[in-house]
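There are 4 protein chains.
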Amino acid sequence: MWMVKSDRLGHYCGVVGIYSAEKVNIPEWLYYALFSLQHRGQESAGIVYNKNNEKLVMYKDLGMVSQVLGKYLAAEHPSHIGIGHVRYSTHGGNRLENAQPIVVNCNKGRIALAHNGNLSNNDVLKQELVDEGSIFQSTSDTELILHMIARSRKPSFDLALTETLNRLEGAFSITLIHNQTLYAVRDRQGFRPLYIGTKDGHTVIASETCALEILKVHEYREVQPGEIVKINASGSSSNIFAASESTSHCVFEQIYFARPDSEVFGTPVYDMRKKMGAALAQIETHEGDIVVPVPDSGNTAALGYAEEAGLPFEMGLTRSHYAGRSFIMPRIDQRELMVRMKLAPVKSLIKGKRIILIDDSLVRGTTSKILIGLLREAGAREVHLRLSSPELKWPCFFGIDIPTRKELISNHHTPEQIARIVGADSLKFLPIDALFEVLGTRTRHCFACFNGEYPVPVPPIPDIDG
Amino acid sequence: MWMVKSDRLGHYCGVVGIYSAEKVNIPEWLYYALFSLQHRGQESAGIVYNKNNEKLVMYKDLGMVSQVLGKYLAAEHPSHIGIGHVRYSTHGGNRLENAQPIVVNCNKGRIALAHNGNLSNNDVLKQELVDEGSIFQSTSDTELILHMIARSRKPSFDLALTETLNRLEGAFSITLIHNQTLYAVRDRQGFRPLYIGTKDGHTVIASETCALEILKVHEYREVQPGEIVKINASGSSSNIFAASESTSHCVFEQIYFARPDSEVFGTPVYDMRKKMGAALAQIETHEGDIVVPVPDSGNTAALGYAEEAGLPFEMGLTRSHYAGRSFIMPRIDQRELMVRMKLAPVKSLIKGKRIILIDDSLVRGTTSKILIGLLREAGAREVHLRLSSPELKWPCFFGIDIPTRKELISNHHTPEQIARIVGADSLKFLPIDALFEVLGTRTRHCFACFNGEYPVPVPPIPDIDG
Amino acid sequence: MWMVKSDRLGHYCGVVGIYSAEKVNIPEWLYYALFSLQHRGQESAGIVYNKNNEKLVMYKDLGMVSQVLGKYLAAEHPSHIGIGHVRYSTHGGNRLENAQPIVVNCNKGRIALAHNGNLSNNDVLKQELVDEGSIFQSTSDTELILHMIARSRKPSFDLALTETLNRLEGAFSITLIHNQTLYAVRDRQGFRPLYIGTKDGHTVIASETCALEILKVHEYREVQPGEIVKINASGSSSNIFAASESTSHCVFEQIYFARPDSEVFGTPVYDMRKKMGAALAQIETHEGDIVVPVPDSGNTAALGYAEEAGLPFEMGLTRSHYAGRSFIMPRIDQRELMVRMKLAPVKSLIKGKRIILIDDSLVRGTTSKILIGLLREAGAREVHLRLSSPELKWPCFFGIDIPTRKELISNHHTPEQIARIVGADSLKFLPIDALFEVLGTRTRHCFACFNGEYPVPVPPIPDIDG
Amino acid sequence: MWMVKSDRLGHYCGVVGIYSAEKVNIPEWLYYALFSLQHRGQESAGIVYNKNNEKLVMYKDLGMVSQVLGKYLAAEHPSHIGIGHVRYSTHGGNRLENAQPIVVNCNKGRIALAHNGNLSNNDVLKQELVDEGSIFQSTSDTELILHMIARSRKPSFDLALTETLNRLEGAFSITLIHNQTLYAVRDRQGFRPLYIGTKDGHTVIASETCALEILKVHEYREVQPGEIVKINASGSSSNIFAASESTSHCVFEQIYFARPDSEVFGTPVYDMRKKMGAALAQIETHEGDIVVPVPDSGNTAALGYAEEAGLPFEMGLTRSHYAGRSFIMPRIDQRELMVRMKLAPVKSLIKGKRIILIDDSLVRGTTSKILIGLLREAGAREVHLRLSSPELKWPCFFGIDIPTRKELISNHHTPEQIARIVGADSLKFLPIDALFEVLGTRTRHCFACFNGEYPVPVPPIPDIDG
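Chains as they are written, first to last, in our numbering: chain U, 1136 to 1601; chain R, 1136 to 1601; chain E, 1136 to 1601; chain C, 1136 to 1601.
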């Protein structure tokens, strides 16, 4: 069986942390925040909170936030502190062992940790720990980080944490509980977003601002790259564990992952995506009658394109409200039907038109092919596929689940060839230079999935056929 | 506990019927068609098919199509004929007794029937049947129709069916199986839509064309008001059981219920909704900076408004993919959070703007109030609420679940008063004359929920406070 | 997939009715009573109660009492009156349509009815109703009875009920609610048990006394054959709707169906079964070392046998607590494993012994064969199978689900042949004359399944191969 | 909410291991074996098997064997090797983290381990590991053992395992997979049972022989105290890791835990329990009319008592088949009803009799009190409670979940006082000397829960009020 979204990139995780001076119903608050981050991970959900200000209670399971944590809406669990996590599992099916947060007992006491990102040196670190006799029950970096904290010979938890963080390379946005204290940590390059905001005596930390907004925390800032924030009954403090000379923000957060109402890396996602669409319009060489997004991933870019091009924006593909993640088809020949169940063309609108079809990116091209077939069936005269990102060619070591290089259509075909394969009259990617311009910088982001230029050392990369 | 959509109108049902000359996997086909009609009813789903061309097999349960009928995707049930139903239950919670189709044994043999609509003379008919000694296990009109067919003294099933249909008043779009034959029937006024199309030897009948399109049936026509279509191994035939002098198409199908990619009553829904939005723009008296729909019900009208007004269309409210029907909040004080979980403002876009907010209709006003609050919180300078339908004031006897007159905000307040209540800077409904113009006719539709002019006699109507 | 108990006889139903002068939590009480009758039906469970002394509320579903009705243990539903039902479905799988109670609206008002038994003239009655135009949604006799009450032209409900009951032939033990009144009815021959008891102002009616005992109603009497009991706020009354010249108590209630702690037909089940076992001992012609029951159906008879024979009673087959009805094996070759999972021999006890193995009856012989194999595997020297009932040869029209005559092993084989088939060293049934003696009468029971002498006219009986 | 069996002792676990030279459907075999051990743990179930002879696949969850592992009955997973576990969770609710087997990656490779028992020096060992920097995700001894193996500096897995085992004190019966090899290990005192048997090229290891018998392995032996058995493609071998000077078999396995059809510690459980009952009869000082067991825990002892005393054995309390572990009552005042739902007196038998009531042990006395009440209500003239074990007074550190000393009724009351509390006319425990005699030894078992004489050093024991 396989899922509706199999032709999209997957994200690893979203994290949340809450500290409240007054006792509040922390699990319920975590629920709302995690629900807002559901798009960052649909395979498992979990929370840890500090019951009666003492014992750390954990609950996690495979499933969506509403399934796993729904029971917390009906009960009161007054508490000061909690963290939460949603996870998208990647290789080889769901494994409950990899669900987060993870809670451990060790010589530093009891620690709960939730992690978004991927360490690029996890192989090295894990080998070292294994050599020393550590056991691993999961494949998650979270367990690795906890091992390192426990192994540290530093005299205090904070020193052990700092020592550990300084040895980690790659992406990590972390929320953590230790000794009635909530910690938020972000890697020195700021690969993944992490925001913090305070209101009325409670502090909320989350991967995206939408999770703060739902809790009515409207004032916030980024946790800085290389920063550790610490909040407890004595107040909050901030330290830089690693000087942040440069940043490597994941540009795909802005292109596709983050919710359009979120801010990431200091800029509103919606604005950025409209600019990407507009940039596509600026390099247009074909004529179209209407601009149609692949909903919802292409919506905002399509608005930007239409505005810039002076063409009508039309919602020419209707998205079903009922074709969610839980929707599974047992047979492979049902794939086209699955796409049809999710997206349906508005025939009266499409008929006889030249369509500018906007999506955010192209992975394997399979869904695009089906969609363009649907539009032709509905009478489209021409279909011009435009992607608001450059050609996807390289693996990610920092938290995005990209198919193998072999599976990425852009590694084997020119845009012209892809156009023929998917049945488009023309096909254009957003040039990487145009993307630099939209972002206003070519140095503050990681573009490795497009150009193979990794900001930190990474493991050996398979060649184009592997 | 209560549902996310509690401030929207409810629809009663959607129906499907399939006949195939070759044996095909009818239950799987019914699944796809019903999935496309899921928006017409989320409380129960059911199918009946003719196993091995003989015995009628029924399966129905409370739940969504994917839950109730998902098992049919994995198995083969070769068959010639089937009908299906999705239902929205109305008064007093879910009752499995009311799920459809209903299958009965009677003196006419075995009959399976699925029904969309509501009979306006059901009280009279039911009383008559009760007096004669009929028993009722449900409150559905479907059971009533079956009683009447069974009671008829006409010498054949077809005559009994015609006799029965001629006594029914109000709305009914029906699919029915009897004696290896599929029937499709539509009331003489054509209150509810019903389409029929044929391709490659199979015929599909459904409430909306989107259910035909998903099965790749692209050529279709309306089942005519007053028409009975009959399909079996001998071919298909059509009869008019009642001359159709006038029609009373439910205008709310075009305003809100039907899917935007469907055609109903011979016109594309998407086009019609854009025209409604444009008509709102033509009577505009305020200035706005951007046009924002309440997604997804206001999307198409907002596109029409923006185009007509020459203002930017912006998706200023992000709709969560994860806030579906199954999402339930246990406490009443969580209502606002529930709306926040479903819809979130794009702050960077909203801030400082004058918003033209477009929705399809106003029922109680509770959700609008919360949404406008969200927009203000996000920094909107002004919010002007525009509804692409007239003021809703009267009950429906033909298949729409409208709250009591007392609950309808327009029965007690002028638009200006409502604007104050919901916190809008101004509020306008689409005038009914403008609606006539958009439709191109004032005589072919039922507008009773707006103007109280019922096209057929109806039971006594409670006064404005009941 | 198939069930553990596929080689046992099935029962149709159990019924309950409760009336309390004071408002009590009727659904909870019904739960306990139905739980005690769970052995009479495991496929569906349902209740109807009179909420706030007014509206009849029904809840029923496929499943065990604890699954379907468990939610009623946690909530308060103060009420005066209620009925309940457990059902064992028979032909062709579970059908929710056949679940009981059934509630209808008709010209006599609202009626809820629960029924245990089977009408022997249901074909005739149903044909008559069908001819008059009645529709049937289920195959249950309950729906038929309700049709007849509704159809009756008698001026009152009570007269209509009496008229209806007088036309019914066969077995019916009924609880019913109409107009705030609880009724209990039993057919004139008293085929199925029905008990009534009163304590502290509340009256409990149930198929077996164990359902009264759990509610601490220790004083009770049988509802008499042909009796209607009526209980409401004005008190209780009793009428005989049909003179009861003779009775036809189902002897299988005493042999197998009823719980050993129940009393049915005025005699304790436990005592009766011990006597059946003792009667088997009296005709014994072989020597044994120990007496071993097939648990739990053979337990009580084995105790009687051992006592009479002066042999040790030993629990030589351990019954797993975890092999319940919900336990299903997907493959046919797992049948033997399924028996092994339920019953396991005590090797140290069995080894080298001559076993007198006691069960209540023999249907197809498949399970016996597996069990005897298990005993031999465990080292039994001899196995002598003894059944505490005569040879089962004829169908039942009064509420027991007996396999076809073709499937009944005794229709095609002598006891000696069966012994060889199942691998026993010898095999004896309880002679019918011995059964008469145990019962102390040969006239007050129905023995038709043994001797084919039906106490009332029945439909044509298929020959031995059908 | 609380469970039916809350007044019984809890067991920690059952383990299974299977090795087959030919590829067979290992998960299905594990299912049957674990199902037979279900009485040893109902909270979680899990398996690990070696898919395609390579990768270790784990599946475990909270729930019964049939729920958690039922899916394995329908699918083929050809494999050579597997282990399984059922667990009874003890302190503070179910924790999925404690479910077994546990699989880890470490410097010795991939290891899967399932464990039954409790280490008496786990505090010391854990502290040592924590000091060295180990992290603990669960409270299970299993994780501790795996840490120790990983930490060991011995040059091979086998040496590391042996080193680890030599440091463990207390009870452990282990099955383990490493490098395509199945291991079975038992602690040097043989606290918990562990059996091994081979047939047709496959070897089955399990806590009790009933799990071997269901797989038709009828020849078996105990894994010896202090023995490591190792089985792989090269054959099987056995080593003694610790000389076994004395044994400390848990006497409660023979009194209550093991299934009556099992053999443990080289003796059949059924025989032993009958002897315990007979020993009770030998010290009897009161007269009774019938011997009635509390089913099923008192069944076998009651048979022994009745035989010895020459009194009739009667099943005077009917046990419901439907009151299983999954059966939960929400309110505390439903406790008595819960007992009534599980056990019901046979009134006709009990009335006027002097009852010798036999159970295996007395923990808090709450259930006994209710049962004796039921018997009196049913008319018992006298009730004499007899327990086939001595007075329970001390905690267990070797794998049995005994309530606190404060809760154990025998710590605060003489038998005479307890008789008054539970409403018995008299009450007798089996004297410990009589138990010695039944066992034929006073040195080979652990009787610490009765006499406080622990066979190995244990942590400080709370006083009688803690």
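Beta carbons: idealized from backbone N, C-alpha and C, even for Gly.
Problem - Which of helix, strand or coil DSSP assigns to Asn1256(E) - result: Coil, per DSSP.
Practice task
Using beta-carbon positions only, say whether Ala1437(U) and Val1150(U) come within less than 9 angstroms of one another.
Solution key: Their beta carbons are not under 9 angstroms apart, which means Ala1437(U) does not touch Val1150(U) by this criterion.
Problem - Own chain residues within Cβ distance below 8 angstroms of Pro1590(U), not counting five before or after - result: Gln1324, Ser1381, Ser1383, Cys1581, Ala1583, listed in sequence order.
Practice task
Compare the beta carbon distance of Arg1321(R) and Ile1309(R) with 9 angstroms and say whether it is the shorter of the two.
Solution key: Yes, they are a contact pair.
Problem - Contacts of Val1239(E) in chain R (Cβ-Cβ under 7 angstroms) - result: One finds Ile1270, Phe1271, Gln1272 in chain R with Cβ atoms closer than 7 angstroms to the Cβ of Val1239(E), taken in chain order.
Exercise for the section: Flag this pair as yes or no: are the beta carbons of Glu1232(U) and Ser1275(U) separated by less than 9 angstroms? Expected result: Note that the C-beta distance between Glu1232(U) and Ser1275(U) is below 9 angstroms.
Exercise for the section: Name the two residues that bound the continuous beta strand (DSSP E) containing Ala1156(U). Expected result: 1148-1160 is the span of the beta strand (DSSP E), which, as asked, contains Ala1156(U).
Practice task
For my contact list, Lys1195(E) and Gly1217(E) are in at a C-beta cut-off of 8 angstroms; report their separation, rounded to the angstrom.
Solution key: The C-beta distance from Lys1195(E) to Gly1217(E) rounds to 13 angstroms, too long to fall under 8 angstroms, and the pair is not in contact.
Handout entry: Reference Arg1470(E); option with closest CA among Ile1491(E), Thr1501(E), Glu1512(E), Gly1252(E)
Key = Comparing Cα-Cα distances from Arg1470(E) to each of Ile1491(E), Thr1501(E), Glu1512(E), Gly1252(E), the minimum goes to Thr1501(E).
Exercise for the section: Taking only the alpha-carbon atoms, compute the straight-line gap between Arg1222(R) and Arg1230(R) and give it to the nearest angstrom. Expected result: Each residue's Cα considered, the two are about 11 angstroms apart.
Practice task
Rounded to whole angstroms, what's the CA-CA distance from Ile1596(C) to Pro1360(U)? Just pull it up for me.
Solution key: Going by the C-alpha atoms only, they are around 52 angstroms apart.
Practice task
Look at Asp1430(U) and Arg1454(U) and say whether their C-beta atoms are less than 9 angstroms apart.
Solution key: Note on identity: in this sequence residue 1430(U) is Pro, with Asp being the wrong assignment. Annotated as proximal: Pro1430(U) and Arg1454(U), with beta-carbon spacing under 9 angstroms.
Handout entry: For Pro1590(E), three-class secondary structure by DSSP
Key = In the structure shown, Pro1590(E) sits in coil (DSSP, three-state: anything other than H, G, I, E or B).
Practice task
Check the Cβ of Leu1281(C) against every Cβ in chain U and list those closer than 7 angstroms, keeping chain order.
Solution key: Identification of chain U residues near Leu1281(C) by a Cβ-Cβ cut-off of 7 angstroms yields Ile1270, ordered along the chain.
Practice task
Would you mind telling me which residues of chain R sit closer than 8 angstroms to Phe1533(U), beta carbon to beta carbon, in chain order?
Solution key: Simply none; closest approach about 25 angstroms.
Handout entry: Residues that Val1265(E) contacts on chain R, provided the C-beta gap is smaller than 9 angstroms
Key = Near Val1265(E) (Cβ distances below 9 angstroms), the residues of chain R are Asn1240, Cys1241, Asn1242, Ala1285.
Exercise for the section: Spell out whether any CB of chain R is found under 9 angstroms from the CB atom of Leu1204(E). Expected result: It does not; no Cβ of chain R falls within 9 angstroms.
Handout entry: Which listed residue (Ile1491(U), Arg1475(U), Phe1400(U), Tyr1457(U)) has its alpha carbon closest to that of Gly1445(U)
Key = Considering only alpha carbons, the answer is Ile1491(U).
Handout entry: Whole beta strand (DSSP E) elements within the stretch 1496-1573 of chain R, 3-residue minimum
Key = Look at the stretch 1496-1573 of chain R and you find these whole runs of beta strand (DSSP E), each 3 residues long or longer: 1517-1522, 1561-1564.
Practice task
Check the Cβ-Cβ distances between Glu1298(E) and every residue of chain R, and say whether any is below 9 angstroms.
Solution key: Contacts with chain R at 9 angstroms (Cβ-Cβ) do not include Glu1298(E).
Exercise for the section: Could you check the C-alpha separation between Gly1332(R) and Trp1164(R) for me, to the nearest Å? Expected result: Going by C-alpha positions, Gly1332(R) is about 14 angstroms away from Trp1164(R).
Practice task
Indicate whether Tyr1166(R) and Val1192(R) have their beta-carbon atoms separated by less than 9 angstroms.
Solution key: No, the pair does not count as a contact, with Cβ atoms beyond the cut-off.
Practice task
Using a threshold of 9 angstroms, state whether the C-beta atoms of Asp1406(U) and Leu1484(R) are closer than that.
Solution key: Here Asp1406(U) is near Leu1484(R), since their CB atoms are less than 9 angstroms apart.
Practice task
Rounded to whole angstroms, what's the CA-CA distance from Lys1410(U) to Gly1439(U)? Just pull it up for me.
Solution key: So the alpha carbons of these two residues sit roughly 6 angstroms apart.
Practice task
To the nearest angstrom, report how far apart Val1259(R) and Lys1289(E) are at their CA atoms.
Solution key: If you take the alpha carbons of Val1259(R) and Lys1289(E), they lie about 23 angstroms apart.
Practice task
Determine the burial state of Gly1534(U): buried for a count of at least 16 other Cβ atoms within 10 Å of its Cβ, exposed for fewer.
Solution key: Buried, because 16 or more other Cβ atoms sit within 10 Å of the Cβ of Gly1534(U).
Handout entry: Nearest-angstrom Cα separation, counted from Pro1428(E) out to Asn1434(E)
Key = For Asn1434(E) and Pro1428(E), the distance between alpha carbons rounds to 5 angstroms.
Practice task
Compare the C-beta of Leu1231(U) against all C-beta atoms of chain C and say whether one is closer than 9 angstroms.
Solution key: For Leu1231(U), at least one C-beta of chain C is nearer than 9 angstroms to its own C-beta.
Exercise for the section: State the Cα-Cα distance for the pair Gly1228(E) and Ile1280(E), rounded to the nearest angstrom. Expected result: Its pLDDT being 48, under 50, Gly1228(E) is placed unreliably by the model, and nothing is read from it.
Exercise for the section: State yes or no: is the beta carbon of Phe1400(U) nearer than 9 angstroms to at least one beta carbon in chain R? Expected result: It does not; no Cβ of chain R falls within 9 angstroms.
Handout entry: Residue span of the beta strand (DSSP E) that contains Lys1186(R), given as start and end
Key = For Lys1186(R), the enclosing beta strand (DSSP E) covers residues 1179-1186.
Exercise for the section: Identify whether Asp1276(E) lies in helix, strand or coil by the three-state DSSP scheme. Expected result: Residue state, collapsed to three classes: helix.
Handout entry: For Glu1362(C), the residue or residues it bridges with in DSSP
Key = BP columns for Glu1362(C) point to Ile1375(C).
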